[in-house]
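Visitor: Keeping their order, the protein sequence lines are chains A and B.
Counting in the numbering used here, the first sequence runs from 1 upward without gaps.
Counting in the numbering used here, the second sequence runs from 1 upward without gaps.
Protein chains: 2
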Amino acid sequence: MSEERTAARRPRATMKQVAALAGVGTKTVSRVINQEPNVAEATAARVWQAVRSLDYHVDLQAGSLRRADGRTRTLGLLVGSVDNPFAGAIHRAVEDTAIQREVAVFASSFDDDPEREELAVRAFLRRRVDGLILTTVKSQQDYARSLRDLGIPVVYIDRRPADAGFDSVVSANRRGAAAATAHLIEHGHRRIALLTDRLDIQTAAERQQGFFDALGRAGIPTTEALVATGLHDAAAAQRALAQLLASDEPPSAVFSSQNLVTVGALHALRSAGAQHSVALVGFDDVPLADLLEPGVTVVAQDPQEIGRAAVTRLFARLAGDDSPAQHIEVPTQLIPRGSGEIPAPPA
Amino acid sequence: MSEERTAARRPRATMKQVAALAGVGTKTVSRVINQEPNVAEATAARVWQAVRSLDYHVDLQAGSLRRADGRTRTLGLLVGSVDNPFAGAIHRAVEDTAIQREVAVFASSFDDDPEREELAVRAFLRRRVDGLILTTVKSQQDYARSLRDLGIPVVYIDRRPADAGFDSVVSANRRGAAAATAHLIEHGHRRIALLTDRLDIQTAAERQQGFFDALGRAGIPTTEALVATGLHDAAAAQRALAQLLASDEPPSAVFSSQNLVTVGALHALRSAGAQHSVALVGFDDVPLADLLEPGVTVVAQDPQEIGRAAVTRLFARLAGDDSPAQHIEVPTQLIPRGSGEIPAPPA
DNA sequence: ATGAAAGCGCTAACAA
DNA sequence: TTGTTAGCGCTTTCAT
């Protein structure tokens, strides 16, 4: 029988035990642990000694139950999927700021499912998070009233909520998409395909608008555009573009409005041997885009900055900032790498 | 003055208030909220009514303070960086299982810094997580005794801890690296460069061993190998390989032992115009590897399976499984895509 | 500088 | 089926 498994499972030491061992009251232990003033150095030393000897770890949860501000030093982050590089970069930026303030982050994925959005927010509430950074897909955030009434600050990222009274940080979706499309038009394209996600997802809808904005400005009738929507993953995007490419009047250029969709489009172009003849601009950067042949031209987002701005806003609210809600738009950047500069074939 | 900001900040409703409104005792509310048996349907209905009308959300933290098992329904996950796709896939797999059990996940990044590993574990302890899934970089997990004494189950991922008494789930690092190297040798290479991370990182050390295993089996003297270590990001890897390629006796093949290192190597090869002449096999898959020219041959890990196996193990421990520690090795898979099949130049 | 007592919101144990 | 009381580990308040 291994020693490990039969080892006594000692329960967590409590502040009371530490106090007893150090020969002080619990409040003094509390003062020492929380670095409050007015503790004699010798007393503090005895307390730390007892802490070490009992391997004591404070229970922050119990403390927050009684603490005046009621804070749990905890924060909830909801993203499409923690597995998506866009979300990963945001998450990291949020964490980097949170950790400095000794705040822990609950991260959840919701796959753009309205029901899971609701459930995730309620789960965060039951855990008494101090604040939230949320991606939303619902047209109405019905839980928003609860949050406001409870005074729990929320910053929306990537998409804006129905209620403009909440802070938000989003990319310049419409303008970025228009810039991407205009870039293709400048290279002579008129027959441009739009590959995009479900239109109930705000970013997809806005990027579609930007696409149409650019067509309109160039006087290209909307009817010439080839629009495939509802593409929620790379495989769907690949199928959709493959079909368009095989049609009688295939597009000479493609605007893919999201990172996974771009990946699908790249596969479709490659399968059709069209990567050097059909132009492509993607919204949101993809890894190794610069090493492909041709390089993938993208309108890059700045997820790191989105996360940073959001968490900064959140901590400002937690510090008592009650100025009007800010709606931050993080600029996108067109990065030409080759695929977007393929000219249209002569008419 | 906007109505939103002046809105009354109503404090959280308590169970007591719900009980009062429903005209029942708090224990009855508790029973209803927790779906315990022995509550009349009519009573339950009145309670739910009160819950809705007060917008009540139970405080799980307060509950766990008194609950017999003391569980917080919370779990800590420590990874290199939540921004790395390898970690993202693991995280997602962990979350998918956790959410089914209504367990929330704290995710932290530690950048392979031993000090941050220590701090992260202590932060998790103060939050009273029920269990931990940890990546480690320390040679000794000095916090491990605390965890065992406290009876907090831990599953290590990606790297094994010094104490074999803990469960672990890792990739077949040594064998996978040997397979990658053997693959290059089979294609005629003898002068092979190894690009790897800091050797105090266990995975880097094991993959180096695998590399040497393969050289040894092929009778290639170690002295012929070009080894660059301490490469912790893509930029460092790129610089290191660029230097090797510019030397008098450049390698004819490269084994890069980690995803970021592979990305750096790809850039270096491209810059030197050597992507079609110098062979490359990477450890851990990289996004779009199949679309590069040539495709990137890799020994793919299965992060999704690592996460799934780890969280499964963890929940088993939480359910009382006290069988001996399991050390799971998740197989890797060599995926030939072109870069690893470039033959050695004639001697 | 220190400690005693009360109580945060909940669940356990027991009583009715 | 329901309610009452105590107490989880901590911080507050107020005393000394």
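All residues carry an ideal CB built from backbone N, CA and C; glycine is no exception.
The structure displayed is predicted, hence computed values, not measured ones.
State the start and end residues of the unbroken beta strand (DSSP E) segment that holds Phe283(B).
Guide: Residue numbering aside, residue 283(B) sits at position 283 when the second sequence is read from its first letter. Element bounds for Phe283(B): Ala279 to Phe283.
Visitor: In chain order, which continuous runs of the beta strand (DSSP E) of length 3 or greater are located wholly inside the segment 109 to 152 of chain A?
Guide: You should have 131 to 134.
Visitor: Run the CB neighbour count on Gln100(B), radius 10 Å, all protein chains shown included, and call it buried at 16 or more, exposed below.
Guide: Locating residue 100(B) in the second sequence gives position 100, counting from the first residue. Gln100(B) should be labelled exposed.
Visitor: Any idea what DSSP makes of Phe106(B), helix, strand or coil?
Guide: Within the second sequence, residue 106(B) is the residue found at index 106, counting from 1. Of the three classes helix, strand and coil, the one that applies to Phe106(B) here is strand, per DSSP.
Visitor: Taking the alpha-carbon of Leu119(B) as reference, which of Gln17(B), Ala144(B) and Gly295(B) has the nearest alpha-carbon?
Guide: What you label residue 119(B) is simply residue 119 of the second sequence in a count that begins at 1. Among Gln17(B), Ala144(B) and Gly295(B), the Cα nearest to that of Leu119(B) belongs to Ala144(B).
Visitor: So, are the CB atoms of Leu77(A) and Phe106(A) less than 8 Å apart?
Guide: Locating residue 77(A) in the first sequence gives position 77, where the first residue counts as 1. Locating residue 106(A) in the first sequence gives position 106, where the first residue counts as 1. Against a cut-off of 8 Å, the Cβ pair of Phe106(A) and Leu77(A) comes out as a contact.
Visitor: Closer than 7 Å to a non-hydrogen atom of the ligand ZN - does that hold for the CB of Gly210(B)?
Guide: Ligands are entirely absent from the displayed structure, and the ligand ZN is therefore not among its contents.
Visitor: Could you give the distance in angstroms between the alpha-carbon of Asn173(B) and the alpha-carbon of Ala272(B)?
Guide: Reading the second sequence from its first residue, position 173 is the one you call residue 173(B). Reading the second sequence from its first residue, position 272 is the one you call residue 272(B). Distance between the alpha carbons of Asn173(B) and Ala272(B): 29 Å.
Visitor: Label Ala89(A) either buried or exposed according to how many other C-beta atoms from any shown protein chain fall within 10 Å of its C-beta, with 16 as the threshold for buried.
Guide: Against the first sequence, residue 89(A) aligns to sequence position 89. Classification of Ala89(A): buried, given that the 10 Å Cβ count is 16 or more.
Visitor: Taking 8 Å as the threshold (beta carbon to beta carbon), is Gln61(B) in contact with chain A?
Guide: Stepping through the second sequence from its first residue, residue 61(B) is reached at position 61. Yes, Gln61(B) lies at the interface with chain A (some Cβ there is under 8 Å from its Cβ).
Visitor: Check each residue of the segment 273 to 295 of chain B: if its Cβ is closer than 7 Å to any Cβ of chain A, include it; give the result in chain order.
Guide: Here the close residues are Val286, Pro287, Leu288, Leu291, Leu292 and Glu293.
Visitor: CA-CA distance, Arg9(B) and Asp149(A)?
Guide: Sequence index remark: in the second sequence, residue 9(B) carries index 9 (1-based). Sequence index remark: in the first sequence, residue 149(A) carries index 149 (1-based). Their Cα atoms are separated by approximately 5 Å.
Visitor: Expressed to the nearest angstrom, what Euclidean distance is found between the alpha-carbon atoms of Ala242(A) and Ala274(A)?
Guide: Taking the first residue of the first sequence as position 1, residue 242(A) is located at position 242. Taking the first residue of the first sequence as position 1, residue 274(A) is located at position 274. Going from the Cα of Ala242(A) to the Cα of Ala274(A) covers about 10 Å.
Visitor: Please list the residues of the segment 78 to 97 of chain A that have a C-beta atom closer than 7 Å to any C-beta atom in chain B, keeping them in chain order.
Guide: Cβ contacts with chain B come from Ser81, Val82, Asp83, Pro85, Gly88, Ala89, His91, Arg92 and Glu95.
Visitor: Rounded to whole angstroms, what's the CA-CA distance from Gln258(B) to Thr332(A)? Just pull it up for me.
Guide: Position 258 of the second sequence holds residue 258(B). Position 332 of the first sequence holds residue 332(A). Looking at the two C-alpha atoms, the distance is approximately 30 Å.
Visitor: Under the assumption that Leu60(B) contacts Arg73(B) (Cβ atoms under 8 Å), give the Cβ distance between them as a whole number of angstroms.
Guide: The residue you call residue 60(B) lines up with position 60 of the second sequence. The residue you call residue 73(B) lines up with position 73 of the second sequence. The pair is a contact, with the Cβ atoms about 6 Å apart (cut-off 8 Å).
Visitor: Is the CB of Ser146(A) under 8 Å away from at least one CB in chain B?
Guide: On the first sequence, position 146 is the one that residue 146(A) refers to. Output row for Ser146(A): interface = yes.
Visitor: Out of Pro37(A), Gly25(A), Ser64(A) and Gly63(A), point me to the one whose CA is closest to Ala50(A)'s CA.
Guide: The sequence position of residue 50(A) within the first sequence is 50, counting from 1. For the residues Pro37(A), Gly25(A), Ser64(A) and Gly63(A), the minimum Cα distance to Ala50(A) belongs to Gly25(A).
Visitor: Leaving out the 5 sequence neighbours to the left and right, which residues in its chain are closer than 8 Å to Val103(B) when beta-carbon positions are compared?
Guide: By one-based count along the second sequence, residue 103(B) stands at place 103. Contacts found: Arg73, Thr74, Leu75 and Asp130.
Visitor: Can you grab the Cα-Cα spacing for the pair Asp167(A) / Gly219(A), in whole Å?
Guide: The count along the first sequence starts at 1 and reaches residue 167(A) at position 167. The count along the first sequence starts at 1 and reaches residue 219(A) at position 219. Each residue's Cα considered, the two are about 36 Å apart.
Visitor: Tell me which residues of the segment 106 to 121 of chain A have at least one Cβ-Cβ distance to chain B shorter than 9 Å, keeping chain order.
Guide: Listed by position, the residues of the segment 106 to 121 of chain A near chain B (Cβ gap below 9 Å) are Phe106, Ala107, Ser108, Ser109, Arg116, Leu119 and Ala120.
Visitor: Give the DSSP-derived three-state secondary structure of Val296(A) in the structure shown.
Guide: For the purposes of this step, residue 296(A) is taken as the residue at position 296 of the first sequence. Coil, per DSSP.
Visitor: Which whole-angstrom value is the C-beta distance of Ser252(A) and Pro345(A), which I expect to be below 8 Å?
Guide: Within the first sequence, residue 252(A) is the residue found at index 252, counting from 1. Within the first sequence, residue 345(A) is the residue found at index 345, counting from 1. Right, their Cβ atoms sit about 6 Å apart.
Visitor: What are the residues of the segment 10 to 44 of chain B that lie near chain A, defined by any Cβ-Cβ distance shorter than 7 Å?
Guide: Hits within the stretch, in order: Arg10 and Arg12.
Visitor: Cα separation between Ala347(A) and Ala214(A)?
Guide: Locating residue 347(A) in the first sequence gives position 347, counting from the first residue. Locating residue 214(A) in the first sequence gives position 214, counting from the first residue. Going by the C-alpha atoms only, they are around 21 Å apart.
Visitor: Quick one: what does DSSP say Thr262(A) is sitting in, helix, strand or coil?
Guide: Locating residue 262(A) in the first sequence gives position 262, counting from the first residue. Looking at Thr262(A) - three-state DSSP - the assignment turns out to be helix.
Visitor: Counting only beta-carbon atoms, is Ala300(A) nearer than 8 Å to chain B?
Guide: Position 300 of the first sequence holds residue 300(A). It does not; no Cβ of chain B falls within 8 Å.
Visitor: Any idea if Asp284(B) is buried or exposed, counting beta-carbon neighbours within 10 angstroms, 16 or more meaning buried?
Guide: Residue 284(B) sits at position 284 when you count from the first residue of the second sequence. With 16 or more Cβ atoms within 10 Å of its Cβ, Asp284(B) is classed as buried.
Visitor: Note down, in chain order, each residue of its chain lying with its Cβ closer than 8 Å to the Cβ of Lys16(B), except the 5 sequence neighbours on either side.
Guide: Working through the second sequence from its first residue, we reach residue 16(B) at position 16. Thr26, listed in sequence order.
Visitor: Only counting runs of 4 or more residues, tell me where the alpha helix (DSSP H) segments fall wholly within the segment 166 to 214 of chain B, in order along the chain.
Guide: Entirely contained in the segment 166 to 214 of chain B, the alpha helix (DSSP H) runs reaching 4 residues are, in chain order, 173 to 186.
Visitor: Taking 8 Å as the threshold (beta carbon to beta carbon), is Gly151(B) in contact with chain A?
Guide: For the purposes of this step, residue 151(B) is taken as the residue at position 151 of the second sequence. Yes - at least one Cβ of chain A is within 8 Å of the one on Gly151(B).
Visitor: Who pairs with Ile328(B) in a beta bridge, going by DSSP?
Guide: Residue mapping note: residue 328(B) aligns to position 328 of the second sequence, counting from 1. BP columns for Ile328(B) point to Val169(B).
Visitor: Look at the alpha carbon of Arg128(B) and the alpha carbon of Lys138(A), and state the distance between them as a whole number of angstroms.
Guide: Your numbering for residue 128(B) matches position 128 in the second sequence. Your numbering for residue 138(A) matches position 138 in the first sequence. Using only the alpha carbons, I get a separation of about 33 Å.
Visitor: Identify the continuous beta strand (DSSP E) that holds Gln333(A) and give its terminal residues.
Guide: Position 333 of the first sequence, counted from the first residue, corresponds to residue 333(A). Here the beta strand (DSSP E) through Gln333(A) covers Gln333 to Ile335.
Visitor: Going straight from the alpha carbon of Ala93(A) to that of Asp248(B), what length do you get?
Guide: The residue you call residue 93(A) lines up with position 93 of the first sequence. The residue you call residue 248(B) lines up with position 248 of the second sequence. In a straight line, the C-alpha of Ala93(A) is about 43 Å away from that of Asp248(B).
Visitor: Report back the beta-carbon spacing between Ala187(A) and Pro343(A) to the nearest angstrom; my notes put them in contact at under 8 Å.
Guide: The residue labelled residue 187(A) in the question sits at position 187 within the first sequence. The residue labelled residue 343(A) in the question sits at position 343 within the first sequence. The residue you asked about is not Ala; residue 187(A) is His in the sequence shown. Confirmed, Cβ separation roughly 5 Å.
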